[in-house]
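The numbering used here puts the first residue of the sequence shown at 80, with every later residue one more than the last.
Below is one structure, written out as structure tokens; the observations come after it.
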Amino acid sequence: MSASTPHRPVRADAERNVARILEAAKVVLAEDPTASLERIADEAGLARATVHRRFASRKALLEALVAQLNEQYLRALHEAKVDSAPPLIALHRVTELVMEIKFSHRLVMDVVTAGTPARWSYLSAEVRERAELLFARLHASGAITAAHPSWCLKIYLAILDEVHHLPAGAPELASCADEVTARTTLQVTTVLGALGGAPLPH
80 MSASTPHRPV RADAERNVAR ILEAAKVVLA EDPTASLERI ADEAGLARAT
130 VHRRFASRKA LLEALVAQLN EQYLRALHEA KVDSAPPLIA LHRVTELVME
180 IKFSHRLVMD VVTAGTPARW SYLSAEVRER AELLFARLHA SGAITAAHPS
230 WCLKIYLAIL DEVHHLPAGA PELASCADEV TARTTLQVTT VLGALGGAPL
280 PH
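Structure representation (structure tokens):
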């Protein structure tokens, strides 16, 4: 036990450095999608060698940002209880959480997904599996008529892109002070309509 103790501060420092690099990358890449690792190192206040030690290439850094996004989506799916909560309630809650994630990453999202063959291909298998479970439950409950979870998820993600990129004050958005709520409502009602669904309970 004592032999491993001296290494803990090193691991903690490394984890803090990775967190600083990723936060700096979000800021820098939002301003300049072509920014180098050197510029990201400057923003993070770290030696360039430190950044290169943690991320051997810009591609590796983008992959780390993608992994971070997937972790946040998984937490949202867990918090929404997609496997146990009433399906319509879970759909609304997970949509609300996803909207919050997308807004917190709004400026860097396009950079992260630019290199993927399809806009949502960066989603992990676990995220897809959990999301498809929700759509299977929605169909089983009679909330939607579309029976294929993978197709339902594709429709959901396509609509999510459109809703997310609507300009503030667009007529499609409900008139309320909370933009996340307005976009969540539009997303859920549009998805349910597209999948032959029932209205949300009041």
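Note that beta-carbon positions come from the ideal geometry of N, C-alpha and C, so glycine has one too.
- Our two residues, VAL97 and ALA222, have alpha carbons roughly 43 Å apart in a direct line.
- For ILE100 against ARG127, the beta-carbon gap comes to about 11 Å, at or over 8 Å, which does not count as contact.
- Between ALA261 and ALA253, the CB-CB gap stays under 8 Å.
- When the beta-carbon positions are compared, LEU170 and LEU202 stay at least 8 Å from each other.
- For ALA237, the closest C-alpha among the options THR263, GLN147, THR224, TRP199 is that of TRP199.
- In terms of Cα proximity to ASP240, the closest of PHE182, HIS227, GLY272 is PHE182.
- Within the same chain, and ignoring the five residues on either side of GLY275 in sequence, the residues whose Cβ sits closer than 8 Å to its Cβ are ILE223, THR224, ALA225.
- With contacts defined by Cβ atoms closer than 8 Å, ALA104 and LEU153 do not form a contacting pair.
- If you ignore the 5 residues before and after ALA215, its C-beta comes within less than 8 Å of the C-beta of PRO228, all in its own chain and listed in chain order.
- Rounded to whole angstroms, the gap between the alpha carbons of GLU110 and GLU208 is 34 Å.
- Leaving aside the five residues that flank THR174 on each side, the residues in its chain whose CB is nearer than 7 Å to its CB run, in chain order, THR263, GLN266, VAL267.
- The C-alpha of GLU122 lies about 15 Å from the C-alpha of THR113.
- Collapsing the DSSP output to three states places ILE238 in a helix.
- Closest by C-alpha distance to CYS231, out of LEU212, ALA155, ALA135, LEU148, is LEU212.
- Nearest Cα to VAL259 within the set ARG172, ALA204, PRO165: ARG172.
- Sorting PRO166, SER163, ALA155 by C-alpha distance to the C-alpha of ILE180 places ALA155 at the top.
- Shown here, ALA159 sits in coil according to DSSP, grouped into three states, outside any helix or strand.
- Annotation for ALA219: the continuous alpha helix (DSSP H) segment containing it runs 204–219.
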